[in-house]
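Residue numbers (my numbering): 25 to 278.
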Amino acid sequence: MKSQDRIAVITGAAGGFGHQIILQLLAAGFYVVAIDASEEKLARLQTYLGSFERVGLFLMDACNLQSIQEAGEQIINLFGDQIFVLVNNADIMESTPILSSEHHDKVREIIDTNLIGVYNCTSFFSKFMVKRKSGRIINIASIAGTCGASLASAYAASKAGMIAASKSWARELGSYGVCVNAIAPGVCKTNMLEPPEQQARSISAKQKILLNYIPGGRFGTPEDVAEVVLFLATCKTNYLNGAILDLDGGFNKG
């Protein structure tokens, strides 16, 4: 790899929006480091990507500092340290009704993955950007972080924390040429890499109601999110920093 080549790291690469983000970054000329905590999902992602070059898949638990250190060393050895983009995409979205006493362990898992894991990865990978005084950190948040989510308060709280962290890191890292921004998607269909039986599920009655509140009349897609990630990753100005970009078709219009 040439010294001027840039590396983009994406966590949660095998789920949600990951596959489309990878394709967009590859098309833009980045070397892509795709990280996920699930070996099974990584195998499906490998099948999906096929023979694409300039991409490496790595198993890593963002909640485990030793796992980050070990995977980080492998990444640097194979790709070098020209890390310019970090996309914090890993998350868990599950129901945690406050009136139920059965979800305490799940609440901890959600907070650990959606917030602590993001902190850990940002702490590790941002130092390579600071060293070169340039970089882009893109956090995939959610409009739930600003408007809440009934029956999913742990998820909403974790995304609110991510939004606050994004603004804080923008202040902390901006003087080093590192821009930190977040994307807050609305309701999106993200199951492309799921097993066929899950892909076949029809839109629920609740989702049909939600469509009435989206001016565009459709749900978001991984392609929508990937386009905004690409914009933030390749934007030349460093004056776009600390922004939270609602990507919801106008749903959260105030």
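Ideal Cβ positions, reconstructed from N, Cα and C, are used throughout, including at glycine. Just so you know, these numbers come straight off a predicted model, no measurement behind them.
Under DSSP, the beta-bridge partners assigned to ASP60 are LEU83. Using a 10 angstroms sphere on the CB of CYS259, the tally of other CB atoms stays under 16, which defines it as exposed. In the displayed model, LEU269 falls within a strand according to three-state DSSP. Judged by DSSP in its simplified three-state form, PRO121 adopts coil rather than helix or strand. Closest in C-alpha terms to TYR143, from the list ALA51, TRP193, ASN205, LEU254, comes TRP193. Judged by their CB atoms, LEU102 and VAL33 are not nearer to each other than the 9 Å cut-off. Scanning TYR263, THR245, LEU271 for the CA closest to the CA of GLN44 turns up THR245.
Sequence-distant Cβ neighbours of THR146 in its own chain, meaning closer than 7 Å and more than five residues away, are LEU110, ASN112, ILE161, TRP193. With a cutoff of 9 Å on beta-carbon distance, ALA189 and ILE268 are scored as not near each other.
Collapsing the DSSP output to three states places ALA51 in a helix. The residues ASN276, in chain order, have a CB closer than 6 Å to that of CYS171 in the same chain once the five nearest residues on each side in sequence are set aside. Residue state for PRO246 is assigned as helix, using DSSP reduced to three classes.
Closest in alpha carbon position to ASP136, among GLN93, GLU97, ASP115, is ASP115. ARG195 is positioned such that its CB atom lies no closer than 9 Å to that of PHE108.
The three-state secondary structure of VAL111, taken from DSSP, is strand.
A Cβ-Cβ contact shorter than 9 Å links HIS127 with SER119. Secondary structure at ALA188: helix, using DSSP grouped into helix, strand and coil. The beta carbon of LEU69 is closer than 6 Å to those of ALA38 in its chain, skipping five residues each way along the sequence. DSSP, read as helix, strand or coil, puts ALA32 in strand.
The beta carbons of ILE164 and VAL249 sit closer together than 9 Å.
In terms of Cα proximity to LEU66, the closest of ASN88, GLY36, ILE233 is GLY36.
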